[in-house]
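A.B. asks: Note that the working numbering has the sequence shown beginning at 506, numbered continuously upward. Don't be surprised by glycine CBs; every beta carbon is placed ideally from N, CA and C.
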Amino acid sequence: MKFITYILFISLPFLLKGGDIPSSEKSIVSVAKSKTKPANNEYLVSKLKKPMKIDGNWNKAQWKKIETIKIENYMGTVSPFKPTVEAKMIYDADNVYVIFRVKDQFVKSIVTEYNGNVSGDSCVEFFFSPDSAEPLKYFNLEINAGGTPLIFYVTKALTEFVKLQAPDIKQIEIAHSLPSVVDPQIAEPVTWTIEYRIPLSMLKKFSNVTNPAPGVIWKANFYKTGSRTSNPNYITWNFVDNPRPNFHLPQFFGVLKFQ
Numbered sequence: 506m507k508f509i510t511y512i513l514f515i516s517l518p519f520l521l522k523g524g525d526i527p528s529s530e531k532s533i534v535s536v537a538k539s540k541t542k543p544a545n546n547e548y549l550v551s552k553l554k555k556p557m558k559i560d561g562n563w564n565k566a567q568w569k570k571i572e573t574i575k576i577e578n579y580m581g582t583v584s585p586f587k588p589t590v591e592a593k594m595i596y597d598a599d600n601v602y603v604i605f606r607v608k609d610q611f612v613k614s615i616v617t618e619y620n621g622n623v624s625g626d627s628c629v630e631f632f633f634s635p636d637s638a639e640p641l642k643y644f645n646l647e648i649n650a651g652g653t654p655l656i657f658y659v660t661k662a663l664t665e666f667v668k669l670q671a672p673d674i675k676q677i678e679i680a681h682s683l684p685s686v687v688d689p690q691i692a693e694p695v696t697w698t699i700e701y702r703i704p705l706s707m708l709k710k711f712s713n714v715t716n717p718a719p720g721v722i723w724k725a726n727f728y729k730t731g732s733r734t735s736n737p738n739y740i741t742w743n744f745v746d747n748p749r750p751n752f753h754l755p756q757f758f759g760v761l762k763f764q
């Protein structure tokens with residue numbers, strides 16, 4: 506009892522003054538804060554009211570009032586040059602639409618075959634779970650700066666998946682602002698865009714799809730990479746709590762809420 510009284514006695518002036526936390530305790534608090542995970546991002550997906558041409562134009566009328574997705578959480582080592590990466594998404598009764606804009610440097614894109622290693626190039630990626638009842642099953646759509654896609658339907662991350670084939674992939678309408686091959690790299694600053702339309706009917710060949718409508722939720726994440734460029738980077742929209750770059754972690758997908 507005397508010991509407790511003594512502790513209270515020496516602590517009371519500190520408590521009454523509202524004094525600083527001792528430096529050793531500050532470090533503990535700092536570590537605790539650093540481990541706090543950000544809340545999941547939520548994006549409101551607006552409905553497209555009129556037909557839209559897929560041309561890679563970030564500034565066209567249909568995109569102007571659409572909320573922007575900021576892709577800015579780094580995985581692994583932060584690259585010397587940090588691209589500015591943004592995306593937008595909309596939908597209609599038959600399709601979902603996505604556009605990316607990348608303010609970049611050291612851009613290279615050499616893969617031209619479907620389902621090739623496009624993520625080694627300067628590349629933007631959209632991983633999404635269109636079945637609200639199965640949020641851990643997803644499509645990974647990866648498109649390099651030259652407009653070449655890779656798309657799998659994944660039922661178990663990295664181990665169980667179906668590679669979509671050319672007849673299905675060709676149903677995805679893609680526009681790209683850079684040439685199909687960028688080699689040698691563009692070392693100076695450059696802005697590039699990727700825009701595409703994904704038919705829901707094509708997705709339904711591989712997965713149940715909860716049709717987009719007001720209140721419907723999909724899970725998803727948006728990424729930028731370029732693992733084999735001279736400026737490797739691994740950037741995410743929703744925070745991914747993993748020490749090494751790995752986009753195939755659907756438990757860290759954010760929320761798409763259709764309006």
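Quick check on residue 566: does DSSP put it in helix, strand or coil?
C.D. replies: Reduced to three states, the DSSP call for residue 566 is helix.
A.B. asks: Cα separation between residue 635 and residue 653?
C.D. replies: Cα-Cα distance, rounded: 22 Å.
A.B. asks: Flag this pair as touching only if the segment 609–616 and the segment 700–716 have three or more C-beta atom pairs under 8 Å; answer yes or no.
C.D. replies: Counting Cβ pairs under 8 Å, fewer than three are found: no touch.
A.B. asks: Assign residue 760 to one of three DSSP states: helix, strand, or coil.
C.D. replies: Residue state, collapsed to three classes: strand.
A.B. asks: Only counting runs of 4 or more residues, tell me where the alpha helix (DSSP H) segments fall wholly within the segment 671–757, in order along the chain.
C.D. replies: Whole alpha helix (DSSP H) segments, 4+ residues: 671–674 and 705–708.
A.B. asks: Take the Cβ of residue 706 as the centre, count every other Cβ of all protein chains shown within 10 Å, and call the residue buried at 16 or more, exposed below.
C.D. replies: It counts as exposed.
A.B. asks: In chain order, what residues of the same chain have a beta carbon less than 6 Å from the beta carbon of residue 698, not counting five sequence neighbours either side?
C.D. replies: Within the same chain, residue 698 has close Cβ partners 561, 563, 606 and 682.
A.B. asks: Pull up the CB-CB distance for residue 627 and residue 650, whole angstroms please, since I reckon it's below 8 Å.
C.D. replies: The pair is a contact, with the Cβ atoms about 4 Å apart (cut-off 8 Å).
A.B. asks: Indicate whether residue 760 and residue 578 have their beta-carbon atoms separated by less than 7 Å.
C.D. replies: Contact: no.
A.B. asks: Can you give the Cα-Cα distance for residue 744 and residue 570, rounded to whole angstroms?
C.D. replies: Those two C-alpha atoms are separated by around 25 Å.
A.B. asks: Quickly, what does DSSP pair residue 626 with across the bridge? List them, please.
C.D. replies: DSSP, once it has assigned bridges, lists no residue as partnering residue 626.
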